[in-house]
Every structure is written in C-alpha cells, then in structure tokens.
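Here is the structure we will look at, set down as structure tokens.
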Amino acid sequence: MLESFFTRAILAGIGLAAVAGPMGSFIVWRRMAYFGDTMAHSAILGVALALFFSVSPVAGVFVIAVTAALLLGFLERRGMLSADSLLGLLSHSALALGLVLVALMPMVRIDLMGLLFGDILAVSVTDLALIYGGGVLVLAALAWLWRPMLAGTVSEEIAQAEGLRPERARLIFMVLLAALIAVAMKVLGVLLITAMLIIPATAARRLAKTPEQMALYAALGGVVAVLAGLWASLHFDTPSGPSIVVAALGVFALTSVLPDKSKGAT
Amino acid sequence: MKTFQPPERTRLVDVQGIGVRREGRWLVRNVDMAIGRGEIVTLIGPNGSGKSTTVKTALGILAPDEGTVWRAPGIRIGYVPQKVAMDRSLPLTVERLMRLTGRHSAARIAAVLDMVGIGALARAQVHTLSGGEFQRALIARALIGAPDLLVLDEPVQGVDFSGEIALYDLIGTIRDETGCGVLLISHDLHVVMARTDTVICLNGHVCCSGPPDTVAASGEYAALFGPHAARSLAIYRHEHDHAHLPDGSVRATGGAGHVHGAHEHTHLKQERGGHA
Numbered sequence: 001m002l003e004s005f006f007t008r009a010i011l012a013g014i015g016l017a018a019v020a021g022p023m024g025s026f027i028v029w030r031r032m033a034y035f036g037d038t039m040a041h042s043a044i045l046g047v048a049l050a051l052f053f054s055v056s057p058v059a060g061v062f063v064i065a066v067t068a069a070l071l072l073g074f075l076e077r078r079g080m081l082s083a084d085s086l087l088g089l090l091s092h093s094a095l096a097l098g099l100v101l102v103a104l105m106p107m108v109r110i111d112l113m114g115l116l117f118g119d120i121l122a123v124s125v126t127d128l129a130l131i132y133g134g135g136v137l138v139l140a141a142l143a144w145l146w147r148p149m150l151a152g153t154v155s156e157e158i159a160q161a162e163g164l165r166p167e168r169a170r171l172i173f174m175v176l177l178a179a180l181i182a183v184a185m186k187v188l189g190v191l192l193i194t195a196m197l198i199i200p201a202t203a204a205r206r207l208a209k210t211p212e213q214m215a216l217y218a219a220l221g222g223v224v225a226v227l228a229g230l231w232a233s234l235h236f237d238t239p240s241g242p243s244i245v246v247a248a249l250g251v252f253a254l255t256s257v258l259p260d261k262s263k264g265a266t
Numbered sequence: 001m002k003t004f005q006p007p008e009r010t011r012l013v014d015v016q017g018i019g020v021r022r023e024g025r026w027l028v029r030n031v032d033m034a035i036g037r038g039e040i041v042t043l044i045g046p047n048g049s050g051k052s053t054t055v056k057t058a059l060g061i062l063a064p065d066e067g068t069v070w071r072a073p074g075i076r077i078g079y080v081p082q083k084v085a086m087d088r089s090l091p092l093t094v095e096r097l098m099r100l101t102g103r104h105s106a107a108r109i110a111a112v113l114d115m116v117g118i119g120a121l122a123r124a125q126v127h128t129l130s131g132g133e134f135q136r137a138l139i140a141r142a143l144i145g146a147p148d149l150l151v152l153d154e155p156v157q158g159v160d161f162s163g164e165i166a167l168y169d170l171i172g173t174i175r176d177e178t179g180c181g182v183l184l185i186s187h188d189l190h191v192v193m194a195r196t197d198t199v200i201c202l203n204g205h206v207c208c209s210g211p212p213d214t215v216a217a218s219g220e221y222a223a224l225f226g227p228h229a230a231r232s233l234a235i236y237r238h239e240h241d242h243a244h245l246p247d248g249s250v251r252a253t254g255g256a257g258h259v260h261g262a263h264e265h266t267h268l269k270q271e272r273g274g275h276a
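In the order they appear, the protein sequences are chains A and B.
Here the first sequence stands for residues 1 to 266, where the numbers follow the working numbering.
Here the second sequence stands for residues 1 to 276, where the numbers follow the working numbering.
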C-alpha cells in the first residue's frame, strides 16, 4: 500500500493536519501567527547549516527554530522593540541568511522550490515514520500540557497564581512547534507550514463552542484540505502544497457562510 | 469594632519588606503584609500606588527585588486578576471557564454559578457576557476550587451597585463558611470595609494599616483620600449593617434603605449596637 507515492502523500498530509489542528488553535488563540511564521522561515537557515555540517536537515531545522524562538524571547525581555518588529527582523534575516549560505556552498545542489513550498509527492516511508512517530509524541505532549497552556491563554496571571507554571508550558509548546516545523518542512515547505497551522484553526472557530472542539475541528478541517488539495493537484496538475493550502482556504470560506454555532445558547 | 477573630491564626501568606523596581523606579517598597486563615485583608490606595504589584508579588507572579515572600506550602489560591484579556478566537463557555485550572463536577459548577448570580449563563460563550457578568464568572471560577486564599483584584468592576454589595456579602459568607483567607484590592472602600479585618493603605509604601475604624480615623487615610472618603465610609457602614454572632461568624441584618447624613458618622459606634 505504501508503494504508491500518492498514498504516502495522503498519509503524510493527514498525519500533519492532525497535529497542526490543535497546535494551530493555540497559535490563533495566543496571537502567535507571526511567531510561527518566523520559526518556519528560520528553517531555511537550519537546512543550510545542516548541509554545511553534514547533519540531518530535520535536526538542523529543529535546533535553529528553537534558537530563533529563544532569541526572540530574550530580545523581547530587553523591551526596546515591539514583538512584531523583532519578528520581522528575525524572520526575514533568517530566511535571507539561509539562502545566502546555501549559495555559498557551490558543491551543494538544493531544491529551493522544494524548501519553500515542500514536495508532498516525494514523501518516503522513512518520512512517514518520522511524521507519525513525531506526531504522536507532539500530540501526547500537547495533551499533557493542555490545562496549563489553556489557562495561560485565558490569563497568564491566573495560571501562574494557581500553580500551573504557564511559562514552562509555553517553553515546551515552542519546542513542540519547532519539532512540528522540522517534520513538516519537507511536506509543506517553510512558506506554507504556517498556513496549515492557521487556516484550519480559523475555519473551525465558528463551529466550535469549546477549545477542545475547535482543536478537533481544526484537525478534521486540515484533513479535508489535504484530501481535497491532493485530489485537485492530481486532477488539475497543480503543485500539491499550494493546492492543499487553497483547499484549506476553501474550507474556511465554507465554514464562514455556515450559521455561527458558537453564539447559540444551547 | 470587633473584628473577626480566627480561632487559630494560621498564616497563609507572609510578605516582608518587599520592593519591586522597574526601570530604576520603585513601584512599591518596604511593604509588609500577612494574611491568615479566615482573615480579610483589604489593600486600598490611589492609582499607581502599587496595590496590584504588591498582590502579584505575594502570589509569585512578580519576583521582588528586595524583601521576602512566604506562602504556606501546598496553598490553594483562587485569583481574580484586575484584567483578563482573552482573544475572541478562543471559544469558551462559562461552564468550561470554571474548569480552567481544575476538574469540577457539573453540580459544583451549577452551584457556584448560582451563588454569584449567573446560573442561567452556564452555556453562554464568555465573550458574549457583559462586563459585570464576566466579573461574576471570574469570581465563581476563583471560588470553585474551595481555595485556602481568595485573591481579588477589584473584583466587582462593571457590576451594578446592588450586585456589588451582594458579591462582597458572598465573599464574606464564603470566608465565614470555609475559613479561607481573603486578600482584596478595592476602590469601593465604603462597601468593602464593613467586613474587612485589616486595611492596608498603600501609596508606594504602607501608609497605615490596621482595623478599618482605626485606619479611617487616621490622619494618613484622610490625607490620602480626603475627608470626603472617610465620611462616605462611615455612612456606608451605618447603612449596611451586620451582626457578629457568638461563634465568630458574621450575619447580615439587611440594611437597605436608610442612608443618614454625613454628620451621623460620629454616632456610628453607639448606633451599631441598636441594629445588631
């Protein structure tokens, strides 16, 4: 069954969507969209450094994404520049640095389009094992963190005062996000990862009455987007990663016109 | 005034000589504060006097730059912060909010929501609540875990006046029933003080502290809030009276309706006996 590249693509997409839904919900609730974007962009630098040091690109991306997040936290605490300026600074510097570094290594041939937009049709069985193994770990950790993360999302002060250690939860969440980006990069590319985090979660918003519902619907919406996007890319011969994102946008448009369930009193 | 005397003064929080400095400026300095089981401590003071800073430091949300903070090991805290700004993208029912930091049965949730007067809103989305309803929900959330210490930073903002009195009465009743300690920040001096055991008057440092009568009569209090505040405090205490029962609990005797003139405050002590 796994011999077909298309089956592998579908499985990879479903695996990523299932993790991206709940993770993306937190990113939306905590207004971290640009933060996720910055971590994803820094992945290019991670790939370049991994090539330079001859280590696995997944490891390189993970380490650089965590570094970018920690650096951001440090600069934010110095308090001279606003968070969004710092994000812009880090995001595009890391992207540019990565591209320059790659160009400086003449012996390395790199598929730039693949890095930016992913290549879900090239997913190997090893990639699938990484996606599902990593995905299960990330979801398990998120379930364990759920209460402190959610309490910290509603009020960092309440969570802190009532002993839930929201700062630790946030730090672990960041590491989970870096792991997700590292695993998803080959499939979606650094420019589209954020889309799969944000769009299904926003599409789920209107249908959900509780945070847990929204996380679940976001995962389901992501799966629908993967299936529809892959089908479309096959049918219309369009690039698969962007097709999935366009399909996700379609899911968002669809839920936007549905009646708003969250306002109901029942 | 006889203050509520807890049978044993079990310390819940003890803060000594704390100071918090931000960008070279001391927000508060030399603040001592202790809260025992069954005790209601109220922080008052003008804007920027460091009330919230003091409370956050006592709770461990802020680290003090000097002084020591001690909290009873394993203490359960219920906290209503001054501001809660959640993004509207978070779907959250009132019911779900009650389970934010711990598990509770549906019956317990219904009971607590009834206590604060929003029993009908259990399934409503939090972002559709009015300001007053949201504050009630936050108070319910802080109460639900039967905390050892209830910390309320201006808990009745946006609540109408009669609701305000009912909520402060509720807080007093919960203290009486569960013996929890209460740390309160309030602008509504006149409403709060009737049930407070200790008032701490802050203005960057502790200006004065003690039982409400003593503080209200003190020169520092009048200097900080003006004579008008001291007067309105007295009126209110007269209007909204309550009885101290032999077992140490406090019973409201109702007291709506008869507001007396400002001059009455000098007779306060004699008249209180007649009402109880």
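Quick reminder that beta carbons are idealized off the backbone N, C-alpha and C, glycines included.
Remember, it's a predicted structure, so these values are computed and weren't measured experimentally.
Item: Flag this pair as touching only if the segment 128 to 143 of chain A and the segment 34 to 45 of chain B have three or more C-beta atom pairs under 8 Å; answer yes or no.; Value: no
Item: Straight-line CA distance for B:His242 to B:Leu97?; Value: Any reading at B:His242 needs caution, since the residue's pLDDT is 47, under 50, leaving its predicted position unreliable; the model's value is listed next. Cα to Cα, B:His242 sits roughly 33 Å from B:Leu97.
Item: Quick test of your reading: A:Leu2 and A:Ile44, contact by CB under 8 Å. State the CB separation rounded to the nearest angstrom.; Value: 29 Å between Cβ atoms; not a contact.
Item: What residues in the segment 142 to 166 of chain A have a beta carbon less than 9 Å from any beta carbon of chain B?; Value: Arg147, Pro148, Leu150, Ala151, Thr153, Val154, Ser155, Glu156, Glu157, Ile158, Ala159, Gln160, Ala161, Glu162, Gly163 and Leu164
Item: Suppose contacts are defined by Cβ-Cβ distances below 8 Å. Is A:Thr38 in contact with A:Leu97 by that definition?; Value: no
Item: So, does the CB of B:Ala21 fall closer than 8 Å to a CB anywhere in chain A?; Value: Residue 21 of chain B is actually Arg in this sequence, not Ala. No, B:Arg21 does not count as interfacial toward chain A.
Item: For B:Ser209, which residues from the same chain have a beta carbon less than 6 Å from its beta carbon, with the 5 sequence-adjacent residues on both sides left out?; Value: Ile200
Item: What are the start and end residues of the alpha helix (DSSP H) that includes B:Ile18?; Value: Counting along the chain, B:Ile18 falls outside any alpha helix (DSSP H), though it belongs to the beta strand (DSSP E) covering Arg11 to Arg22.
Item: Based on the DSSP output, what are the partners of B:Ile77 in its beta bridges?; Value: B:Leu149
Item: Can you say whether A:Thr255 is buried or exposed, counting buried as having 16 or more other CB atoms within 10 angstroms of its CB?; Value: buried
Item: For B:Leu59, decide whether its Cβ has a neighbour in chain A, counting only Cβ atoms nearer than 8 Å.; Value: yes
Item: Taking the beta strand (DSSP E) that B:Met33 falls in, what are its first and last residues?; Value: Arg25 to Gly36
Item: Have a look at A:Arg170 and A:Ala195 and give me their C-alpha separation to the nearest angstrom.; Value: 21 Å
Item: Got a sec: which bits of the segment 208 to 231 of chain A sit with their beta carbon under 9 Å from any beta carbon on chain B, in order along the chain?; Value: Ala208, Lys209, Thr210, Pro211, Glu212, Gln213 and Met214
Item: Got a sec: is the Cβ-Cβ distance from B:Thr101 to anything in chain A below 8 Å?; Value: yes
Item: Select from B:Arg123, B:Ala216, B:Ala222 and B:Leu113 the residue whose C-alpha is nearest the C-alpha of B:Leu170.; Value: B:Leu113
Item: Which residues, taken in chain order from the segment 81 to 94 of chain B, show a beta carbon closer than 7 Å to some beta carbon of chain A?; Value: Pro81, Val84, Met86, Asp87, Ser89, Leu90, Pro91, Leu92 and Thr93
Item: Return the chain-ordered list of same chain residues with a C-beta closer than 7 Å to the C-beta of B:Tyr221, the five sequence neighbours on each side being excluded.; Value: Cys201, Cys208, Val215 and Ala230
Item: List the residues that DSSP assigns as beta-bridge partners of B:Thr42.; Value: B:Leu184 and B:Val199
Item: According to the neighbour-count rule (16 or more other Cβ atoms, all chains shown, within 10 Å of its Cβ), is A:Leu258 buried or exposed?; Value: exposed
Item: Hey, A:Val58 and A:Val183: beta-carbon distance below 8 Å or not?; Value: yes
Item: Return no unless some Cβ of chain A is closer than 8 Å to the Cβ of B:Val151.; Value: yes
Item: Once DSSP output is grouped into helix, strand and coil, what is the label at B:Val206?; Value: strand
Item: Can you find a C-beta in chain B that's less than 8 Å from the C-beta of A:Val251?; Value: no
Item: Would you mind telling me which residues of chain A sit closer than 8 Å to B:Tyr79, beta carbon to beta carbon, in chain order?; Value: Glu157, Ile158, Ala161 and Glu162
Item: If the cut is a Cβ gap below 8 Å, which residues of chain A does B:Val11 touch?; Value: Just to set this straight, residue 11 of chain B is Arg in the shown sequence, not Val. Under the 8 Å cutoff, chain A gives no residues; its nearest Cβ is about 18 Å from B:Arg11.
Item: Alpha carbon to alpha carbon, how far is B:Met193 from A:Ser155?; Value: 28 Å
Item: Residue range of the beta strand (DSSP E) that A:Arg165 falls in?; Value: It is not in any beta strand (DSSP E) - A:Arg165 carries neither H nor E in the DSSP assignment.
Item: Give me the residue from B:Val55, B:Ile75, B:Ser89 and B:Glu95 with the minimum Cα distance to B:Pro277.; Value: Past the boundaries of the shown model lies residue 277 of chain B; chain B is included only from 1 to 276, so the question cannot be answered.
Item: Taking the Cβ atom as the reference point for each residue, do B:Gly145 and B:Gly78 lie within a distance shorter than 8 Å?; Value: yes
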